[in-house]
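2 protein chains.
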Amino acid sequence: MSVYIAGIGQTAVSEHWDLSLRDLALDAIVRAVKDAEMDKKRIEALYVGNMLAGELAQQEHLGALIADHAGLLPIEATHIESACASGAEALRMAYLHIRSGEIGCAMVVGVEQMTDVLTPRATVGLAGATDADYEVTHGFSFVAINALLARRYMHEYGVRHEDLALFPVNSHANAVHNPYAMYRNEIDVDRVVKAPKVCDPISTFDSGPICDGSAACVLVNEESMKELGINREHCVEIASSSCATDTLTLSARDAPLVLKAARISADNAYKRAGVEPGDIDLFELHDAFSVMSAMSLEACGFAEKGRGCELAKEGQIRIDGSIPICTMGGLKARGHPVGATGVYQVVECVEQLRGEVGRNQVKDAEIAMAQNFGGSGATVVTHILRRV
Amino acid sequence: MSVYIAGIGQTAVSEHWDLSLRDLALDAIVRAVKDAEMDKKRIEALYVGNMLAGELAQQEHLGALIADHAGLLPIEATHIESACASGAEALRMAYLHIRSGEIGCAMVVGVEQMTDVLTPRATVGLAGATDADYEVTHGFSFVAINALLARRYMHEYGVRHEDLALFPVNSHANAVHNPYAMYRNEIDVDRVVKAPKVCDPISTFDSGPICDGSAACVLVNEESMKELGINREHCVEIASSSCATDTLTLSARDAPLVLKAARISADNAYKRAGVEPGDIDLFELHDAFSVMSAMSLEACGFAEKGRGCELAKEGQIRIDGSIPICTMGGLKARGHPVGATGVYQVVECVEQLRGEVGRNQVKDAEIAMAQNFGGSGATVVTHILRRV
Chain H
25 MSVYIAGIGQ TAVSEHWDLS LRDLALDAIV RAVKDAEMDK KRIEALYVGN
75 MLAGELAQQE HLGALIADHA GLLPIEATHI ESACASGAEA LRMAYLHIRS
125 GEIGCAMVVG VEQMTDVLTP RATVGLAGAT DADYEVTHGF SFVAINALLA
175 RRYMHEYGVR HEDLALFPVN SHANAVHNPY AMYRNEIDVD RVVKAPKVCD
225 PISTFDSGPI CDGSAACVLV NEESMKELGI NREHCVEIAS SSCATDTLTL
275 SARDAPLVLK AARISADNAY KRAGVEPGDI DLFELHDAFS VMSAMSLEAC
325 GFAEKGRGCE LAKEGQIRID GSIPICTMGG LKARGHPVGA TGVYQVVECV
375 EQLRGEVGRN QVKDAEIAMA QNFGGSGATV VTHILRRV
Chain D
25 MSVYIAGIGQ TAVSEHWDLS LRDLALDAIV RAVKDAEMDK KRIEALYVGN
75 MLAGELAQQE HLGALIADHA GLLPIEATHI ESACASGAEA LRMAYLHIRS
125 GEIGCAMVVG VEQMTDVLTP RATVGLAGAT DADYEVTHGF SFVAINALLA
175 RRYMHEYGVR HEDLALFPVN SHANAVHNPY AMYRNEIDVD RVVKAPKVCD
225 PISTFDSGPI CDGSAACVLV NEESMKELGI NREHCVEIAS SSCATDTLTL
275 SARDAPLVLK AARISADNAY KRAGVEPGDI DLFELHDAFS VMSAMSLEAC
325 GFAEKGRGCE LAKEGQIRID GSIPICTMGG LKARGHPVGA TGVYQVVECV
375 EQLRGEVGRN QVKDAEIAMA QNFGGSGATV VTHILRRV
């Protein structure tokens with residue numbers, strides 16, 4: 025059974041001190057309903073991706089809360105949490121729900137408010153993505169863990185900070201033309217390398233920002249597409265969806281520089297969609313930290329081990345390259361409102377496949393891939409999307 | 025497509041200061057695998073129901089964490105949170121995943137550690153089930169909200185505390201013979217009514233305890249049942265599954281004494297299973313507070329509005345009554361480890377349908393219903409189970 029994305033909505037990533045969590049979610053939902061040109065009363069289930077509201081705002085139970093605020097009661101509503109992969113996981117649950125045949129139309133919203141919260145401790149909250157008992161108690165923050173990975177990557181493969189810096193440079197360049205991006209300014213390698221360190225070797229420009237945002241998608245099957253009078257030309261097909269896991273703790277991995285779950289998740293996604301890496305026209309990867317971009321390209325078959333930066337050096341990751349990545353700014357420059365990120369990635373793929381992104385348009389884009397990480401690749405959710 | 029529960033496991037509800045959250049989950053998973061007499065390597069996805077680990081233990085991302093600890097990597101793993109309905113929601117997601125045709129076998133675990141935690145504030149955590157902005161900021165705890173409901177119920181229908189007290193008396197009587205129950209002692213109406221008040225009129229005996237626990241189920245489809253060599257006689261069919269929502273805020277409900285989401289969820293479950301209330305042989309309802317038992321019986325069609333206590337007075341809710349409830353002690357006496365509760369309820373239904381509970385056995389039980397609430401009935405998940 026085919027599942028389609030019939031509508032998309034996104035809020036500009038920013039510090040939204042004027043909006044509550046539920047208002048943020050509502051904004052994206054309203055935009056997605058409008059984009060689908062449908063009656064919201066036809067939505068049969070709501071899936072909410074969010075990581076931090078419990079800890080930062082003491083608000084759990086976001087399924088029913090947001091269903092109520094969006095005027096969707098009494099529909100089924102569920103909150104999905106897989107750290108920073110919560111957004112893509114929520115999308116995947118909606119996809120599976122439609123595939124079960126029980127419903128024909130679902131709303132997915134990823135939402136996160138990290139700046140204007142009751143408990144201003146996003147760093148403590150984000151540490152919940154990794155192992156509280158075996159990593160965090162030893163003083164590791166989430167940035168610290170990624171810094172260890174980056175340092176090891178540089179040592180093992182003879183890569184310089186200047187090489188890794190090409191990823192945020194690319195993300196910033198693409199964000200300039202994205203009205204929903206948080207940082208719409210170009211940067212250069214020098215600026216990345218000389219910026220203050222968050223945790224050596226990770227500088228402020230190697231790391232996604234703490235921010236607020238929400239993004240939403242309407243999913244339908246073939247039957248509901250017709251019943252709801254949705255324009256087929258406007259739809260994008262979810263060609264495949266997959267999820268795989270790895271240890272949260274880096275020290276428990278055989279080869280910490282290999283994102284095993286990303287490889288398995290991507291391989292399953294390729295197989296299920298009947299495509300190969302060479303068929304992917306653009307790749308929205310999880311550039312929470314620069315080193316993750318390199319490792320993600322390697323895990324998904326676009327570069328040999330340790331050679332991810334080569335693609336950046338050759339300009340292959342640019343809009344006009346062989347494998348454009350983070351085409352709307354990625355986590356680094358569009359922003360990384362954690363539980364919403366996976367939905368933003370998919371929304372951007374849809375925009376690309378519908379040919380709507382102007383200066384950032386990947387020419388003749390037919391197939392796009394989005395990959396969302398929870399932790400340092402401990403949960404990896406991959407979606408492949410196809411133009412109808 | 026039919027989905028079956030092929031194996032069940034549960035940890036005795038208690039204060040488990042000697043077990044970590046992951047060890048608690050593992051215990052139930054190992055028991056469920058053993059009960060199904062299967063190879064755990066055949067499990068294709070893990071769904072974890074949990075409400076409070078993020079806030080109380082600063083540990084999110086329980087899907088991958090528990091998949092790792094249970095030796096299930098690199099399978100798909102997802103954490104589901106719908107307040108106290110997290111357990112049943114996790115089960116429902118596994119059920120839908122199998123119904124999608126993508127997998128044939130899934131593990132569901134509900135786990136909660138509320139007593140031995142980093143941040144000893146279960147009451148604050150539980151308030152996350154209700155509206156942080158519009159209720160909790162005004163000083164409402166979750167118990168306070170239920171106390172308001174109970175007081176209104178008593179006023180509106182001329183019900184006395186002595187009438188509501190019959191529900192915890194029943195739950196305690198049934199827990200005596202359940203080795204997994206937290207409180208295995210009988211109580212009487214006088215003890216409930218004279219016990220110290222948590223929040224008037226709710227006494228300590230009207231309220232489920234703060235505790236630790238985990239429960240697990242293995243779900244399979246017909247094909248996997250054969251492939252894995254699972255004994256069909258040992259299986260119980262999930263005849264239907266459904267979820268509905270209502271406002272978190274009580275003040276936003278037209279009729280706060282009517283559990284609208286419970287009614288819708290139950291009606292859908294009846295319809296999908298092709299049964300009526302009269303066909304249900306036992307009902308594991310969500311007796312987090314005494315008043316919820318009465319309201320739940322009314323919402324699900326077993327009693328007229330305001331007449332739920334009559335069933336208790338007539339002895340109809342006892343093991344040998346017309347609609348036995350909380351047959352293994354319910355939330356009150358078996359215990360209410362919030363994110364695990366929904367799975368315990370289903371595990372107990374399975375035990376009953378397999379005829380394994382000795383003195384608590386409901387004679388010739390063919391069809392059982394489990395209903396799990398998030399908040400004061402803001403998310404309601406209903407499962408109807410049938411003997412194969």
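Same order as they appear, the protein sequences are chains H and D.
Just so we're aligned, residue 25 is where the first sequence starts under the working numbering, counting upward by one.
Just so we're aligned, residue 25 is where the second sequence starts under the working numbering, counting upward by one.
Cβ coordinates follow ideal geometry from the N, Cα and C atoms, glycine included.
For the beta strand (DSSP E) that D/C241 lies in, which residues bound it at each end?
Looking up residue 241 of chain D in the second sequence gives position 217. Where D/C241 is concerned, the enclosing beta strand (DSSP E) stretches over D236 to N245.
DSSP state of H/T365, grouped into three classes?
In the first sequence, residue 365 of chain H corresponds to position 341, counting from 1. If DSSP states are grouped into helix, strand and coil, H/T365 belongs with the helices.
Residues in the same chain with beta-carbon distance under 6 Å from H/A268, minus the five sequence neighbours each way, listed in chain order, please.
Counted from its first residue, the first sequence places residue 268 of chain H at position 244. Sequence-distant Cβ neighbours of H/A268 in its own chain, meaning closer than 6 Å and more than five residues away, are A285, I288, S289 and V404.
I need the straight-line Cα distance from H/L335 to H/I304, nearest angstrom please.
In the first sequence, the residue the question calls residue 335 of chain H occupies position 311. In the first sequence, the residue the question calls residue 304 of chain H occupies position 280. Near 15 Å, if we compare the C-alpha coordinates of H/I304 and H/L335.
Select from the segment 89-119 of chain D all residues with a C-beta closer than 7 Å to any C-beta belonging to chain H, and list them in chain order.
L89, A91, D92, L97, P98, I99, E100, A101, T102, H103, I104, E105, S106, A107, E113 and M117
Just tell me which of D/K387, D/Q385 and D/V370 has its CA closest to the CA of D/A109.
Here residue 109 of chain D is taken as the residue at index 85 of the second sequence, counted from 1. Looking at the Cα atoms, D/V370 is the closest of the given residues.
So is D/E136 in contact with chain H if we call contact Cβ pairs under 8 Å?
The residue given as residue 136 of chain D occupies position 112 in the second sequence. No - not a single Cβ of chain H is within 8 Å of the one on D/E136.
Return helix, strand or coil for D/V133, following the three-state DSSP convention.
Taking the first residue of the second sequence as position 1, residue 133 of chain D is located at position 109. In the three-state DSSP reduction, D/V133 falls in the strand class (E or B).
Could you tell me if H/H179 is buried or exposed, where buried requires 16 or more neighbouring beta carbons within 10 angstroms of its beta carbon?
Taking the first residue of the first sequence as 1, we reach residue 179 of chain H at position 155. By the neighbour-count rule (16 or more Cβ atoms within 10 Å), H/H179 is not buried but exposed.
With DSSP as the reference, please indicate the residues paired to H/Q34 in a beta bridge.
Within the first sequence, residue 34 of chain H is the residue found at index 10, counting from 1. Answer is H/A239, bridged to H/Q34.
Where do the ends of the beta strand (DSSP E) carrying H/A394 lie?
Here residue 394 of chain H refers to the residue found at position 370 of the first sequence. Taken as a continuous stretch (DSSP letters only), the beta strand (DSSP E) holding H/A394 covers I391 to G398.
In the DSSP assignment, what are the bridge partners of D/E100?
Stepping through the second sequence from its first residue, residue 100 of chain D is reached at position 76. According to DSSP, which records beta bridges pairwise, D/E100 is partnered with D/A69.
Can you pull the chain D neighbours of H/R277, defined as C-beta to C-beta under 8 Å?
Within the first sequence, the letter at position 253 stands for residue 277 of chain H. Neighbours of H/R277 on chain D: none; closest Cβ ~10 Å, over 8 Å.
Give the C-beta separation of H/I99 and H/A91 to the nearest angstrom, bearing in mind that I take them to be a contact with Cβ-Cβ under 8 Å.
For the purposes of this step, residue 99 of chain H is identified with residue 75 of the first sequence, where counting begins at 1. For the purposes of this step, residue 91 of chain H is identified with residue 67 of the first sequence, where counting begins at 1. Correct: roughly 6 Å between the Cβ atoms.
Can you tell me where the alpha helix (DSSP H) holding H/I6 begins and where it ends?
Missing from the structure shown is residue 6 of chain H; chain H here goes from 25 to 412 and no further.
Mind listing which residues of the segment 63-89 of chain D have their C-beta closer than 7 Å to chain H's C-betas, in chain order?
M75, G78, E79, A81, Q82, Q83, E84, H85, G87, A88 and L89
Relative to the C-alpha of H/I104, which candidate in H/R123, H/Y71 and H/S314 has its C-alpha closest?
Residue mapping note: residue 104 of chain H aligns to position 80 of the first sequence, counting from 1. Nearest option by C-alpha distance: H/Y71.
So, for H/I169: in the same chain, excluding its five sequence neighbours on each side, which residues have a beta-carbon less than 7 Å away from its beta-carbon?
Position 145 of the first sequence, counted from the start, is the residue given in the question as residue 169 of chain H. So the qualifying residues of the chain are T154, E159, L274 and S400.
Return the Cβ separation of D/I29 and D/C259 in integer angstroms, given the expectation that the two are a contact with Cβ distance under 8 Å.
Start at 1 with the first residue of the second sequence, and residue 29 of chain D comes out as number 5. Start at 1 with the first residue of the second sequence, and residue 259 of chain D comes out as number 235. With 8 Å as the limit, D/I29 and D/C259 qualify as a contact, their Cβ atoms being about 6 Å apart.
Quick one: grab the DSSP three-state call for D/F164.
The sequence position of residue 164 of chain D within the second sequence is 140, counting from 1. Reduced to three states, the DSSP call for D/F164 is coil.
List, in chain order, every chain H residue whose beta-carbon is nearer than 7 Å to that of D/H407.
Within the second sequence, numbered from 1, the residue matching residue 407 of chain D stands at position 383. Residues of chain H passing the Cβ test: none, with the nearest at roughly 14 Å.
Determine, using beta-carbon pairs with one atom in the segment 134-148 of chain D and one in the segment 73-82 of chain D, whether at least three such pairs fall under 8 Å.
yes
Could you tell me the distance, in whole angstroms, from the CA atom of D/S264 to the CA atom of D/K295?
Reading the second sequence from its first residue, position 240 is the one you call residue 264 of chain D. Reading the second sequence from its first residue, position 271 is the one you call residue 295 of chain D. Rounded to the nearest whole angstrom, the C-alpha separation of D/S264 and D/K295 is 9 Å.
Which residues of the segment 257-271 of chain H have a Cβ closer than 7 Å to any Cβ of chain D? Give them in chain order.
C267, A268, T269, D270 and T271
Given a cut-off of 8 Å, decide if H/K64 and H/G95 are closer than it, judged by their beta-carbon atoms.
Here residue 95 of chain H is taken as the residue at index 71 of the first sequence, counted from 1. Here residue 64 of chain H is taken as the residue at index 40 of the first sequence, counted from 1. Yes, these two residues count as a Cβ contact at 8 Å.
Can you find a CB in chain H that lies within less than 8 Å of the CB of D/H121?
Position 97 of the second sequence, counted from the first residue, corresponds to residue 121 of chain D. Yes, D/H121 lies at the interface with chain H (some Cβ there is under 8 Å from its Cβ).
Once you ignore the five residues that flank D/R410 on each side, which residues in its own chain have a CB closer than 6 Å to its CB?
Position 386 of the second sequence, counted from the start, is the residue given in the question as residue 410 of chain D. Annotation for D/R410: E261, A263 and I391 place their beta carbon closer than 6 Å to its own, counting only its chain and skipping 5 residues before and after.
Identify, in the order they occur along the chain, each residue of the same chain with its Cβ nearer than 6 Å to the Cβ of H/M393, setting aside the five sequence neighbours on each side.
Looking up residue 393 of chain H in the first sequence gives position 369. Closer than 6 Å at the Cβ level, and outside the excluded window around H/M393, lie I304, F307 and I408.
D/F313 and D/I226 look like a contact to me (Cβ under 8 Å); what is the Cβ gap, rounded to whole Å?
Against the second sequence, residue 313 of chain D aligns to sequence position 289. Against the second sequence, residue 226 of chain D aligns to sequence position 202. Indeed, because the Cβ distance is near 6 Å, the residues count as touching under 8 Å.
Determine the chain D residues that contact H/C288 at a beta-carbon separation under 7 Å, and present them in chain order.
If you number the first sequence from 1, residue 288 of chain H lands on position 264. The question names Cys, but residue 288 of chain H is Ile in the sequence shown. Simply P98.
Can you tell me whether D/R116 is buried or exposed? The criterion is at least 16 other CB atoms within 10 Å of its CB, across all chains shown.
Walking along the second sequence from the start, residue 116 of chain D turns up at place 92. With 16 or more Cβ atoms within 10 Å of its Cβ, D/R116 is classed as buried.
Starting from H/K250, find everything on chain D with Cβ-Cβ shorter than 8 Å and list it in chain order.
Position 226 of the first sequence, counted from the first residue, corresponds to residue 250 of chain H. Ordered by position in chain D, no residue passes the 8 Å Cβ test against H/K250, which lies about 21 Å from the chain.
Anything in chain H within Cβ reach of D/E126, meaning under 8 Å, just list it in chain order.
Numbered from 1 along the second sequence, position 102 holds the residue referred to as residue 126 of chain D. Against D/E126, the close residues of chain H are L120 and R123, in the order they occur along the chain (beta-carbon pairs closer than 8 Å).
Along the segment 350-373 of chain H, what residues have a CB closer than 8 Å to any CB found in chain D?
none
Kindly list, in the order they appear in chain D, the residues whose Cβ is closer than 7 Å to that of H/K284.
Here residue 284 of chain H refers to the residue found at position 260 of the first sequence. P98, listed in chain order.
What does D/A156 reach in chain H if we use C-beta pairs closer than 8 Å?
Position 132 of the second sequence, counting from 1, holds the residue named residue 156 of chain D. Under the 8 Å cutoff, chain H gives A81, Q82, Q83 and L142.
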